[in-house]
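Undergrad:
Numbering (my numbering), first residue to last: 10 to 625.
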């Protein structure tokens, strides 16, 4: 009986009018609605027509296989998305391990050479950027979890602070007495210059009674000891000199692009076709370092250092550190979310710090002019603590800062999605910087020439020859250069360069300084190769035997260093317009405060730069 029923069921055809409800199945067991409908449609077609059964079976099988592959691919993509952070961490760990193996093997092969120094420095940077900050956060978490007796800690901090005060003063006095006074007594004049500059800042202070002397003291002390390390110790001088050589070497790669675009004759137009392309190149370099978080790491680190030493707020310290790498218009972008919350004193310090430093792209142009790279790097770093010290002197705090330290130090990375986009955008932005620099220099040179001829004409009417606008600038800054300790034979020359820099732009001042440095090299060669005479014609030096005029005169080696440090900053008339435009657009609510302090902050930045020159 059962066999007959089975045979009867096998011969029965399915009724298309009968529907059957299927039990619900988990979503992961369902391939897709479309695949189910496809197979169901195939069955209905077979029951209606009964033809082409073989072809329909093959179509159904192919459709089902395609749907399965599609679902598997979709599941694989979802898995990658879900576990992408883990995959990325593992990939970075493998790459870091391979890099460490390569570096260890390379150091083994090249130890003792200059290449090993580069590898070792790069290794330190990579380890600090990838793991250093995480380790510091981990240690900080462990320390904060320990029970501390705060009254005892406070007493220890007070004692330690006064011990550091005494140690800093005793160390400075001992160095001056043992190393400066016996061998370079003329340099002691710079001490009078520092005292005069600090007194000027105090007289211009908005509230002398509220001055934070701790910040003023340590800002000046850090600047002093940095100068000793960079200029007077063999290790420090060699380190900074080596770093300057590497930066100069890197900038020279720009010449390949210039040669490709403009041909071998690009050196005939050194400023536009040789120096200015380095601005674009360095701007893209800074953007790449910013994209990968390297710049932010060093800014946060140096900002924490300034905050710990000077006691300035985190937002002020971060801005001062940012000014070492990026320009006057870009530095406020790092702290844009906080500009509406900063106090008046903090905003003044932000403006002063931006004035008293130069950007990486501008640094590239200055080095391309022929200014010593090691001194440009050192001056840019030394001006940061000096700017904070003078800012706290001229505009003291009245209200405490409300911005948390972690918020200030966690600088956001860029919004660009990939490296090519970063390089492209930065290159285009660099072109606009080049256009701005060229346009400003063209206009300022024309105005200076007009001013020279105008003053000369009025002088001739009164019977005064060789009178010019530049000579007036030389005499105007002559007393200040005397207090800074400039060599007596170069007082007028550096006074003229400083005046040009303040009234026009740092680029033009350094461009003229580079010409004087080149003249100095030529003059040294002239004295060693011939017994010819020379004489001055106004500011120019005439070499009689060679029948050649060195426009702008010459300087001693010490004056070259001092002029480099004094002029290292954006503190000039043109920069005030840039600062006002940038800050008022980023924080419209603070327009009144910005306009109130724009001139005072520029003066404060100039005082900081003059102090840096005195330290040299």
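The beta carbon of each residue, even a glycine, is placed where N, CA and C say it ideally should be.
1. What does the alpha-carbon distance come out to for the pair residue 628 and residue 300?
2. Sort out for me which residues DSSP pairs residue 545 with in a bridge.
3. Are the beta-carbon atoms of residue 487 and residue 504 separated by less than 7 angstroms?
4. Go ahead and label residue 630 buried or exposed: buried means 16 or more other beta carbons lie within 10 angstroms of its beta carbon, across all protein chains shown.
5. Check this for me: beta carbons of residue 549 and residue 542, under 7 angstroms apart or not?
6. Name the one or two DSSP bridge partners that residue 559 has.
7. If the criterion is Cβ atoms closer than 7 angstroms, does the pair residue 353 and residue 602 meet it?
8. Residues in the same chain with beta-carbon distance under 6 angstroms from residue 518, minus the five sequence neighbours each way, listed in chain order, please.
9. Quick one: what does DSSP say residue 350 is sitting in, helix, strand or coil?
10. Along the alpha helix (DSSP H) that carries residue 564, what are the first and last residues, could you check?
11. Rounded to the nearest angstrom, what separates residue 254 and residue 406 at their Cα positions?
12. Among 537, 562, 413, 450, which residue has its Cα nearest to the Cα of residue 529?
13. Measure the Cβ-Cβ separation of residue 571 and residue 495 and say whether it is below 7 angstroms.
14. Candidates 224, 322, 478, 213: which alpha carbon is nearest residue 398's?
15. Taking residue 344 as the reference, which of 327, 290, 402, 222 has the closest Cα?
16. I think residue 587 touches residue 386, with their Cβ atoms under 8 angstroms apart; what is that distance to the nearest whole Å?
17. Pick out whichever of 404, 127, 547, 101 has its Cα sitting closest to the Cα of residue 211.
18. With a threshold of 7 angstroms on Cβ separation, who are the neighbours of residue 41 within its own chain once the five nearest residues in sequence on each side are excluded?
19. Are the stretch 360-369 and the stretch 274-282 touching by the rule of at least three beta carbon pairs closer than 8 angstroms?
20. Just the Cα atoms here: how many angstroms apart are residue 172 and residue 129?
21. Give a yes or no on whether 7 angstroms exceeds the smallest Cβ distance from residue 467 to chain C.
22. Between which residues of its own chain and residue 246 is the CB-CB distance below 7 angstroms, once the five residues before and five after are set aside?
23. Is residue 231 buried or exposed, if buried means 16 or more other CB atoms sit within 10 Å of its CB?
24. Taking the C-alpha atoms as reference points, what is the distance between residue 236 and residue 244?
25. If I measure Cβ to Cβ from residue 623 and keep anything under 7 angstroms in the same chain, skipping five residues before and after, which residues do I get?
26. Quick one: residues in its chain with C-beta nearer than 7 angstroms to the C-beta of residue 500, no 5 flanking neighbours on either side, listed in chain order?
27. Would you kindly work out how many angstroms separate the C-alpha atoms of residue 600 and residue 592, rounded to a whole number?
28. What separation, rounded to the nearest whole angstrom, lies between the Cα atoms of residue 276 and residue 524?
29. Looking at residue 331: is its Cβ nearer than 7 angstroms to the Cβ of residue 617?
30. Compare the Cα-Cα distances from residue 139 to each of 190, 106, 347 and report the closest residue.
31. How many angstroms separate the CA atom of residue 294 from the CA atom of residue 308?
32. Have a look at 597, 438, 497, 448 and flag the residue whose alpha-carbon is nearest the alpha-carbon of residue 583.
33. Going along the chain, which residues of its own chain have a beta-carbon closer than 6 angstroms to the beta-carbon of residue 356, five neighbours each way excluded?
34. Tell me the rounded alpha-carbon separation between residue 160 and residue 578.
35. Determine the DSSP secondary structure at residue 433, reduced to helix, strand or coil.
36. Residue range of the alpha helix (DSSP H) that residue 239 falls in?
TA: To lay it out plainly:
1. Here the chain comprises residues numbered 10 to 625, so residue 628 is not present and cannot be evaluated.
2. Answer is 550.
3. Result yes, Cβ atoms of residue 487 and residue 504 sit closer than 7 angstroms.
4. With the chain covering only 10 through 625, there is no way to say anything about residue 630.
5. No, the Cβ-Cβ distance between residue 549 and residue 542 is not below 7 angstroms.
6. DSSP, once it has assigned bridges, lists 550 as partnering residue 559.
7. Inclusion of residue 353 and residue 602 in the CB contact set at 7 angstroms is warranted, their separation being smaller than that value.
8. In the same chain as residue 518, and ignoring 5 residues on each side of it, the C-beta atoms closer than 6 angstroms to its own belong to 506, 509, 510, 576, in chain order.
9. Residue 350 carries a coil assignment under DSSP once its states are collapsed to helix, strand and coil.
10. Element bounds for residue 564: n/a, residue is neither H nor E.
11. Going from the Cα of residue 254 to the Cα of residue 406 covers about 41 angstroms.
12. For residue 529, the closest alpha carbon among the candidates 537, 562, 413, 450 is that of 562.
13. When the beta-carbon positions are compared, residue 571 and residue 495 come within less than 7 angstroms of each other.
14. Its Cα nearest to that of residue 398, the residue 224 stands out among 224, 322, 478, 213.
15. Checking every option, the nearest Cα to that of residue 344 belongs to 327.
16. The beta-carbon distance between residue 587 and residue 386, rounded to whole angstroms, is 23 angstroms. This is too long to meet the 8 angstroms contact definition.
17. Just measuring C-alpha positions, the residue of 404, 127, 547, 101 sitting nearest residue 211 is 404.
18. Confidence at residue 41 is low in this model, with a pLDDT of 43, below 50, so the placement of that residue should be treated as unreliable; the coordinate-derived value is given next. The residues are 76, 80.
19. Below 8 angstroms, too few C-beta pairs join the stretch 360-369 and the stretch 274-282 to call them touching: fewer than three.
20. Computed Cα separation, rounded: 35 angstroms.
21. This model lacks chain C altogether, as it is built from one protein chain only.
22. The residues are 239, 240.
23. Residue 231 is buried by the Cβ-count criterion.
24. Approximately 13 angstroms, taken between the alpha carbons.
25. Closer than 7 angstroms at the Cβ level, and outside the excluded window around residue 623, lie 199, 202, 203, 493, 494.
26. If you ignore the 5 residues before and after residue 500, its C-beta comes within less than 7 angstroms of the C-beta of 487, 490, 491, all in its own chain and listed in chain order.
27. Rounded to whole angstroms, the separation of the alpha carbons of residue 592 and residue 600 is 8 angstroms.
28. So the alpha carbons of these two residues sit roughly 16 angstroms apart.
29. Judged by their CB atoms, residue 331 and residue 617 are not nearer to each other than the 7 angstroms cut-off.
30. Looking at the Cα atoms, 106 is the closest of the given residues.
31. Here the alpha carbon of residue 294 sits roughly 16 angstroms from the alpha carbon of residue 308.
32. Of 597, 438, 497, 448, the smallest CA-CA separation from residue 583 is found for 448.
33. Excluding sequence neighbours, residue 356 sits near 602.
34. So the alpha carbons of these two residues sit roughly 43 angstroms apart.
35. Note: residue 433 maps to helix in three-state DSSP.
36. Run containing residue 239: none; DSSP gives neither H nor E here.
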